[in-house]
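Chains as they are written, first to last, in this note's numbering: chain W, 406 to 705; chain U, 890 to 1144; chain H, 9 to 373.
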Amino acid sequence: MLLQQLINGLTLGGVYAIIAIGYTMVYGILELINFAHGEIYMLGAYLAIIFLGLFTAMGLTATSLPLALILTAILTIIFCSAYGFTMEKVAYKPLRNAPRLSPLISAIGVSIFLQNYVMLTQGATDKVFPQRFGEAGFQFMNVNVTYLQAMIILVSGLLMFFLHLFIHKTRMGKAMRATAQDKTMAALVGINVDSIISVTFIIGAGLAAVAGIMVASYYGLVNYFIGYIAGIKAFTAAVLGGIGNIPGAMLGGIILGLVESTGAAYISSEYKDAYAFIILIVILLIKPSGILGKTTEEKV
Amino acid sequence: MYILEVRELTKHFGGIRAVEDVSFKVKDGGIVSIIGPNGAGKTTLFNCLTGITKPTKGSIYFMENDISKFPAHKVSELGIARTFQNIRLFSEMTVMENVMVSQHTRMRYGFLSSVLQGSNFRKKEQIIKEKAFEYLELVGLEDYADTMANNLPYGSQRRLEIARALATEAKIILLDEPTAGMNPIETSEVMSLIKKIQELGKTLILIEHDMRLVMGVSDWIIVLDHGVKIAEGLPEKVKNDPLVIEAYMGRETTH
Amino acid sequence: MKPILISLFAAILFLPFKGLKAAGIMFISILILLSAVSILKKTKVIDAIKAIRIPEAGRFKAFLIPALLISFLAFPLMLKDYYIDVLIMSGIYTLLALGLNIIVGFTGLLNLGFAAFYAIGAYTYALLNTKLGLGFWTSLPISAGFAALAGLLLAIPALRLRGDYLAIVTLGFGEIVRLVLNNWDSLTNGPNGITGIAPPSLFGVSLGKLNLYYYLVFLLVLLAVIIIRRVESSRIGRAWIAIKENEIAASSMGINTTKYKLYAFAFGTFWAGVAGILFSAKMQFVSPESFTFMESILILSMIILGGLGNIYGAIIGAFILVLLPEVLREVQLYRMLILGIGLVLLMVFRPHGILGGVKGVHFRS
């Protein structure tokens, strides 16, 4: 029973974690709470349904399901990244030197816009994922693990691993870290800060797209509202781990998923959404800068 | 006789020893300068003296109290005020309001008074304004009372910081590089301002790099290097101390 | 060339959602829009919008304020119930915006869960009235006091946190309060809410009629504006603004920053409690649905829109965000879409808010 909940929690946690990375990366560089990030994840879920629906209509799903799924994933990621890129250029870039809360309102504007944009074009009712994967799975230490769950855990894990490599081993990743530490210094040593910011949004949106695809296929149903609640939770996860800190976001996401699924199973499922916040408040009171966050004494 | 006594003060940040075992005394009504190369721990010492950071070890006696564990606002209320090296004005308030803030602990009234705004409130607000204006006159900013603090030129911002510190009615005023970024004329203005403040019966402690100013106003000099006090004494004595010369010169040649 | 590429890009983004034909229309309309913008740019209209400074309005203050007061007093005599209703809601949101402005605008503490205190005020009256039979006037100080107490209780531990961490804890608190209201069926009747809440009465006259209720709300808003303005211009208000501007300097000038932040939290949430009781007495019904995270965001948007830290800005922001969706009711389907675009455009063109640049509008944490 407990192990079963751990698997469920890990599935959920993996999804939270990869959304949370987008929050934390943007925060690390711009100190902006990108409220609209959850909507990118929602767009990802919708786009996955739209593209897969298209391939089903074309007959590709029937002939080669894996190909259809891969194409769907690629197109969804490209589109979501483009949306993330556009969002930054339109709503945040002009506000680079504005008071600290103005981009937050702009982000809320984007979020409201995207929700209604999807509602108006796709309808207010739930959308169904065109492909059911069913309950097929395998036994692991006496616990049922569906293939889809295993897939989600595996994909989240791999994405986090590759992101870690990217951030630490590539030129671009190092430039991103430098920009996060000090934008002015980064610009002085010849880093193009604008393009680093764009890349950050593109990567964050791409990850959110993957989360969207996985959730759409896992639950089979989506609506235009899912970005909002997932967004708050992923942001909570990012803060839990220490905002601006990528491993922290991963850890925060996984903890959140585990707390939610075990809490729902053992305490009460009615308060499922509250556990995340309770654990957050408790952890912040013990460690005010999050689990992996640094405590810095302000320079005087 | 001594208004402030620092005993074996130590402050570590992680592995960095910003201030190590520093002791000194400050005479009531005197002007003490703390000098030393960059990174010597001068500002950290100020932060400890004003309660902004808590020392790792040691004690600070101010008028019979060990204030080393007091929060900043308590220290200010007891009578130590300061200016900041990197200017920290309330930039979206007017010059006048900046100084009025400093009367916070001196002219008190409660929440209800401020809602009802009765005669007690009006009287006290009037006194706050008058005093604030006096301090503005003292530093020569009376014509800018209604200007936004962030619209002041740089030199005037430093003087506003001094007015704000004075308006707390502190006994000791700490000035952290009061002439940084100023031209020679402005510097000599600050020099005479410092003397005026001393004449008001205040004790001053300065951090300063301009040696002409330090030698001109101080009656005691403390030299820090790498967080350690390497010398102290009368200006003439410190100026010729070989250790001090080495600390400065040695540093300069490695640059 | 660039406008064409941008339009093409936007059309492609739109393509999967509505198909080729709609994307084509999108392409053309964005192209027209971009051309219009570039013309505006050439004629410097945009720079002019950015440069508008409102302090000029200060000169008309002596005339403007009495005129506004008189028209607000006269409105119920000439407006239809629907409009009075909208004005009452504007008044309630004005109270909320004024309260949140004390916390965020004056003191610089970001609060993303303000609706929780609104809910506490509303439910306190709902429960006191339906379970204990207490009247509006007795409940008014209790509701406001409860909201203020809740603000204090949250702030005491939360104020150890910095900036955005504080924000997320307030967000979490807001969600927890809503979930408790939603699930504690025996007390709050869960998602169905509490019905049959009595409207206030004065000297035996029920104030349940819209035009009378309007005057009650108007009076309380007026009272709030006067009280908050007075506190703002006192040593307490100066301490708040000093904390926002530079916390370290504020504490070095003798301000007990923790104490004054607590004051700000309690005083701000107090007004949320007042707004809450006015809301539940007006609706005669409360349910958790009215106190979502979106509600907190709406209130925050009001004060940022108006210009943080500015009492009049908060009022203007509240009116705009209540009235705008009503004005857009004609285009029902698209109103939220337009609201979203409107918020982005406003921030892009006037990042300091409508009354921004007047005084005390910068936000630093």
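The C-beta atom is built at its ideal place from N, Cα and C for all residues, glycine as well.
Determine the contact status of residue i and residue j, defining contact as a CB-CB distance below 8 Å.
i	j	result
Ile-176 (chain H)	Leu-661 (chain W)	no
Ser-922 (chain U)	Val-895 (chain U)	no
Val-1106 (chain U)	Lys-1084 (chain U)	yes
Ile-454 (chain W)	Ala-621 (chain W)	yes
Ile-1016 (chain U)	Met-996 (chain U)	yes
Asp-678 (chain W)	Glu-183 (chain H)	yes
Ile-20 (chain H)	Leu-42 (chain H)	no
Lys-914 (chain U)	Leu-938 (chain U)	no
Gly-418 (chain W)	Gly-658 (chain W)	yes
Asp-1114 (chain U)	Gly-925 (chain U)	yes
Leu-81 (chain H)	Val-229 (chain H)	no
Ile-423 (chain W)	Leu-570 (chain W)	no
Once the 5 residues before and after residue i are set aside, which same chain residues still bring their CB inside 8 Å of it?
i	result
Met-590 (chain W)	Ala-583
Leu-336 (chain H)	Tyr-342, Arg-343, Ile-346 and Leu-347
Ile-205 (chain H)	Tyr-133, Ala-134, Asn-137, Thr-138, Ser-288, Ala-289, Met-291, Gln-292, Phe-293 and Val-294
Gly-32 (chain H)	Ala-19
Gly-668 (chain W)	Tyr-676, Lys-677 and Tyr-680
Tell me the DSSP secondary structure of residue i in three-state form.
i	result
Asp-531 (chain W)	coil
Phe-971 (chain U)	Reading the sequence as shown, one finds Arg at residue 971 (chain U) and not Phe. Here Arg-971 (chain U) sits in strand by DSSP.
Ser-561 (chain W)	helix
Leu-103 (chain H)	helix
Asp-89 (chain H)	helix
Trp-1109 (chain U)	strand
Lys-914 (chain U)	strand
Ser-922 (chain U)	strand
Ile-236 (chain H)	helix
Asn-549 (chain W)	strand
Asn-264 (chain H)	coil
Met-890 (chain U)	coil
Thr-1068 (chain U)	coil
Glu-1121 (chain U)	strand
Gly-514 (chain W)	helix
Val-594 (chain W)	coil
Gln-520 (chain W)	helix
Gln-1006 (chain U)	coil
Judging by CA-CA distance, which residue of the options is the nearest neighbour of residue i?
i	options	result
Thr-178 (chain H)	H:Ser-147, H:Thr-300, H:Thr-265 and H:Phe-83	H:Thr-300
Thr-203 (chain H)	H:Leu-313, H:Tyr-91, H:Ala-289 and H:Gly-113	H:Ala-289
Tyr-342 (chain H)	W:Lys-638, W:Thr-429, W:Tyr-522 and W:Ala-473	W:Tyr-522
Leu-519 (chain W)	W:Val-594, W:Leu-448 and W:Asn-597	W:Leu-448
Asn-219 (chain H)	H:Gly-32, H:Gly-350 and H:Ile-96	H:Ile-96
Trp-1109 (chain U)	U:Thr-899, U:Asp-917 and U:Ile-949	U:Asp-917
Val-644 (chain W)	W:Ile-696, W:Ala-670, W:Gly-528 and W:Ile-602	W:Ile-696
Pro-84 (chain H)	H:Ala-155, H:Phe-17 and H:Tyr-223	H:Tyr-223
Gly-649 (chain W)	W:Leu-593, W:Tyr-497, W:Asp-531 and W:Thr-605	W:Thr-605
Leu-978 (chain U)	H:Ala-250, H:Val-53, H:Phe-278 and H:Asn-119	H:Ala-250
Phe-545 (chain W)	W:Phe-460, W:Leu-411 and W:Phe-682	W:Leu-411
Ala-680 (chain W)	W:Lys-692, W:Ser-694, W:Leu-663 and W:Gly-636	One detail in the question is off: residue 680 (chain W) reads as Tyr in this sequence, not Ala. With distances taken between Cα atoms, Tyr-680 (chain W) lies closest to W:Leu-663.
Leu-162 (chain H)	W:Gln-409, W:Val-687 and W:Met-406	W:Val-687
Met-890 (chain U)	U:Asn-1009, U:Glu-1058 and U:Phe-951	U:Phe-951
Lys-958 (chain U)	U:Glu-981, U:Lys-1012, U:Thr-932 and U:Lys-900	U:Lys-900
Please return the same chain residues whose Cβ sits closer than 7 Å to the Cβ of residue i, not counting the five positions on each side in sequence.
i	result
Ile-312 (chain H)	Gly-361
Val-988 (chain U)	Ala-1021, Tyr-1024, Leu-1025, Ala-1052, Arg-1053 and Ala-1056
Ile-607 (chain W)	Ser-486, Gly-489 and Phe-490
Phe-371 (chain H)	Because the pLDDT of Phe-371 (chain H) is 34, which lies under 50, any placement of that residue in the model is unreliable, and the number read from its coordinates should be weighed accordingly. Answer for Phe-371 (chain H): Gly-116 and Leu-316, listed in chain order.
Whose C-beta lies closer than 6 Å to the C-beta of residue i among residues of the same chain, with five residues either side of it excluded?
i	result
Glu-253 (chain H)	none
Ala-166 (chain H)	Leu-174 and Val-177
Arg-186 (chain H)	Pro-296 and Phe-299
Gly-1044 (chain U)	Met-1071 and Glu-1075
Asn-109 (chain H)	Ile-311 and Ala-322
Glu-1141 (chain U)	Note on Glu-1141 (chain U): pLDDT 49, under 50, position unreliable in the model; the coordinate value appears next. Closer than 6 Å at the Cβ level, and outside the excluded window around Glu-1141 (chain U), lies no residue.
Which residues of chain C have a Cβ atom closer than 8 Å to the Cβ of residue i, listed in chain order?
i	result
Leu-685 (chain W)	Considering every chain present, this structure includes no chain C. Its protein chains are W, U and H.
Identify every residue that forms a DSSP beta bridge with residue i.
i	result
Arg-896 (chain U)	U:Ser-948
His-901 (chain U)	U:Arg-906
Asp-955 (chain U)	U:Tyr-950
For residue i, verify whether its CB is less than 7 Å away from any heavy atom of the ligand NAD.
i	result
Ile-691 (chain W)	Among the ligands in the structure shown, none appear at all, so the ligand NAD cannot be discussed.
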